[in-house]
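Colleague: Residue numbers (the numbering used here): 1 to 192. Virtual Cβ for every residue (Gly too), placed ideally from N, Cα, C. My structure is below; once you've seen it, I'll send some questions.
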Amino acid sequence: MYTFDHALFLTLNFDGGPVMDRIMVLCSTPAAWAWLYVVMLWLVWRRGGWRALLFFAVTAGAALGLADMVAGIFKHAGLLGSLWPSFPARLRPMHTPSLEGLVHTVREGGLYGTVSAHAATMTALCVTALPTVRRRWFSVLMVAVTVVICYSRIYLAYHFPVDIVLGVVVGLVSGAAARCAAQAVRRRLCRA
């Protein structure tokens, strides 16, 4: 598994030059996507008003928080980072001794990267936003942005491909859990 993962990583991680490096750093920065979040919130408000916007914000916030905390458990970081201290966290590609000299690194990162929090949180946001917004163009845009962010993490040598896949799984589960909880709350509120 590691052999395949390392080989795939080395195929996807390359020196694209200073312009590509800057683009990937920008893609990996959450603030760079603020325009997308504003558009998303506007679309939710336009579709359902202030109540829908508030409900969506709470649901998305819960999904993002859960995804980030779960990803942090596997990296021994964040709010729940000390929850599973015996878990053998995986070194980031830039810190992996067997790949020394083969990895294109733009910036140094933390030591561990077992589950990509970027992949987890963006996937959780997709799972909560797409069924709420229900616009094909927005769905394509949101999935494309998520893929770009996930790839940027490999390009920058912060994660192996399996770390990204694990992050996506965490995001899918977190987003689905938040949506299920939100729907249950909505049903109860409608009955009252």
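Note down the Cα distance separating R92 from G72, rounded to an integer number of angstroms.
Modeller: Taking the straight line joining both Cα atoms gives about 14 Å.
Colleague: Would you kindly work out how many angstroms separate the C-alpha atoms of T59 and S152, rounded to a whole number?
Modeller: If you take the alpha carbons of T59 and S152, they lie about 27 Å apart.
Colleague: Measure from the alpha carbon of T146 to the alpha carbon of each residue in C126, V39, T29 and F138, then state which is nearest.
Modeller: Nearest C-alpha to T146: C126.
Colleague: Buried or exposed for S28, going by 16 or more other Cβ atoms inside 10 Å?
Modeller: With 16 or more Cβ atoms within 10 Å of its Cβ, S28 is classed as buried.
Colleague: Kindly give me the distance between the Cβ atoms of N13 and Y112, rounded to whole angstroms, as I take these residues to be in contact under 8 Å.
Modeller: Not really, about 18 Å apart at Cβ, beyond 8 Å.
Colleague: In chain order, what residues of the same chain lie with their CB nearer than 8 Å to the CB of S139, ignoring the 5 residues before and after it?
Modeller: Here the set comprises L130 and V133.
Colleague: Which residues bound the alpha helix (DSSP H) around V148?
Modeller: Here the alpha helix (DSSP H) through V148 covers R136 to Y155.
Colleague: Measuring CB atoms only, is the segment 114–128 touching the segment 163–173, in the sense that at least three cross pairs come out at less than 8 Å?
Modeller: Because the criterion of three Cβ pairs below 8 Å is met, the segment 114–128 and the segment 163–173 touch.
Colleague: Grab me the residues of W84's own chain with a C-beta within less than 6 Å of its C-beta, minus the 5 sequence neighbours each way, in chain order.
Modeller: Around W84: I73.
Colleague: In angstroms with no decimal places, state the Cα-to-Cα distance between R179 and R47.
Modeller: Cα to Cα, R179 sits roughly 18 Å from R47.
Colleague: How many whole angstroms separate the CB atoms of T123 and G171, which I take to be in contact at a CB cut-off of 8 Å?
Modeller: Right, the Cβ-Cβ distance comes to about 3 Å (below 8 Å), so this counts as a contact.
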